[in-house]
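Scroll down for the structure; my scribbles are underneath it.
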Amino acid sequence: MLDFLAPRLKSALRSINSNLLYELRIRADKPFRINLNGVFRYLGEDGVTETPERALIPTQSEIEETLFAASEYSVYAVENQLKRGFVTGKEGERIGVAGTFVYDGNGVLAVHSVTSLCIRIPHAIVGCSKDIFEKCFSGGVCSLLILAPPGEGKTTILRDLTRLVSSRTRLNILVSDERGELSAGDLGETSDVVRFADKLTVFTAGIRAMRPDLIVTDELLPEDYAAVRRAKESGIHVLASAHLKKYEDVPDKLFERYVILDGLGRVGKILGSEGEDVA
């Protein structure tokens with residue numbers, strides 16, 4: 007994990023417990039910050055420090071070196087990812103990029119002068135979704151949407167829930183992993199994964215070709231709900247997540263259960279299809 011970091015940045019993490027490390031914020035000529043166990047801290051050459059003055063200051067060349075290594079030394083190989091603002095590391099690390107986006111008439115042409123990296127580190131926490139499984143699926147699998155702001159553990163829970171459904175029901179599961187992050191862990195023996203394709207493509211082709219009983223996907227956007235509707239009309243359940251905080255904000259109420267997180271990995275409410283409390 008994180009082998010692609012520039013040497014000085016990687017060395018600074020040597021004393022950090024990787025199980026508690028959720029995110030790195032690397033900005034050119036600004037203090038190095040990490041999310042450690044849910045709290046942002048500064049990182050110096052010898053570990054965590056309380057003041058920005060003692061923090062490591064990444065350089066522009068270290069950012070470029072890190073991105074190049076994460077691309078397995080071929081930026082062209084990840085060009086389509088970069089146009090969407092991220093690169094995925096080989097162990098599922100999602101590396102968001104900020105810099106200069108160059109457009110042509112068809113959209114983003116290229117990304118130049120990357121000045122910031124946001125590296126999100128996947129964690130496999132076996133059993134973290136057990137409560138959700140028992141409360142929502144005791145009568146059989148249904149369609150379920152997990153709601154929370156970014157960084158509160160939606161993907162980790164969704165990954166574990168997929169594993170549980172696979173191991174306990176043996177349903178055929180199709181995983182639409184648009185950013186290559188969701189499949190960074192055990193998804194169970196009955197799961198098939200399509201990486202880096204848009205959701206509409208996976209849902210449309212997958213329904214025809216893979217005959218899934220259940221489709222799992224991460225981070226629904228408003229334009230993705232048409233694909234969810236198509237799956238449900240075809241008799242296929244959907245497990246998904248979305249960057250939303252409230253049931254009322256869901257643009258299309260297509261799910262039987264809505265799990266609302268209240269803090270990192272913590273279930274706040276479980277609602278039914280009409281927004282009623284069910285657990």
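Counting in the working numbering, the sequence shown runs without a single skipped number right up to 285 at its last residue. Ideal Cβ positions, reconstructed from N, Cα and C, are used throughout, including at glycine.
Residue i (DSSP reduced to helix, strand or coil)
{"i": "I32", "result": "strand"}
{"i": "D166", "result": "helix"}
{"i": "N41", "result": "strand"}
{"i": "L15", "result": "helix"}
{"i": "L250", "result": "coil"}
{"i": "K136", "result": "helix"}
{"i": "R174", "result": "helix"}
{"i": "L73", "result": "helix"}
Burial state of residue i, where buried means 16 or more other Cβ atoms lie within 10 Å
{"i": "Y82", "result": "exposed"}
{"i": "V93", "result": "buried"}
{"i": "E78", "result": "exposed"}
{"i": "A12", "result": "buried"}
{"i": "V132", "result": "exposed"}
{"i": "T72", "result": "buried"}
{"i": "D283", "result": "exposed"}
{"i": "Q288", "result": "For the chain, the structure presents residues 7 to 285; residue 288 sits outside this window and is missing."}
{"i": "D166", "result": "buried"}
Minimum C-alpha distance to residue i - residue among the options
{"i": "A130", "options": "G98, S119, G146", "result": "G98"}
{"i": "K89", "options": "K160, H118, S80", "result": "H118"}
{"i": "D198", "options": "E158, R214, I221", "result": "I221"}
{"i": "V84", "options": "L19, R185, G44, T121", "result": "R185"}
{"i": "D224", "options": "Y109, V208, N23, V103", "result": "V208"}
{"i": "F107", "options": "P228, T121, K96", "result": "T121"}
{"i": "L42", "options": "L30, A34, D35", "result": "L30"}
{"i": "I69", "options": "R60, G274, P37", "result": "P37"}
{"i": "H243", "options": "E59, F143, T161, L26", "result": "F143"}
Other residues of its chain near residue i: CB distance less than 7 Å, five sequence neighbours each side excluded
{"i": "K141", "result": "I276, A285"}
{"i": "E51", "result": "A18, L62"}
{"i": "T196", "result": "S172, R176, L177, N178, I179"}
{"i": "G274", "result": "I266, L267, D268"}
Close-in-space but distant-in-sequence residues of the same chain around residue i (CB under 6 Å, 5 per side omitted)
{"i": "S21", "result": "G53"}
{"i": "E262", "result": "C148, S149, S279"}
{"i": "A4", "result": "A query on residue 4 cannot be resolved here, the shown segment of the chain reaching from 7 to 285 and no further."}
Pair within 7 Å by beta-carbon distance, residue i and residue j
{"i": "K205", "j": "S182", "result": "yes"}
{"i": "I163", "j": "C134", "result": "yes"}
{"i": "G194", "j": "S172", "result": "yes"}
{"i": "D230", "j": "N178", "result": "no"}
{"i": "L270", "j": "G44", "result": "yes"}
{"i": "F202", "j": "L170", "result": "no"}
{"i": "I32", "j": "L123", "result": "yes"}
{"i": "A76", "j": "L49", "result": "no"}
{"i": "R100", "j": "R60", "result": "no"}
Contacts around residue i, its chain only, beta-carbon distance under 8 Å, and the 5 residues preceding and following it disregarded
{"i": "V256", "result": "L151, L153, A248, L250, Y264"}
{"i": "N86", "result": "F202"}
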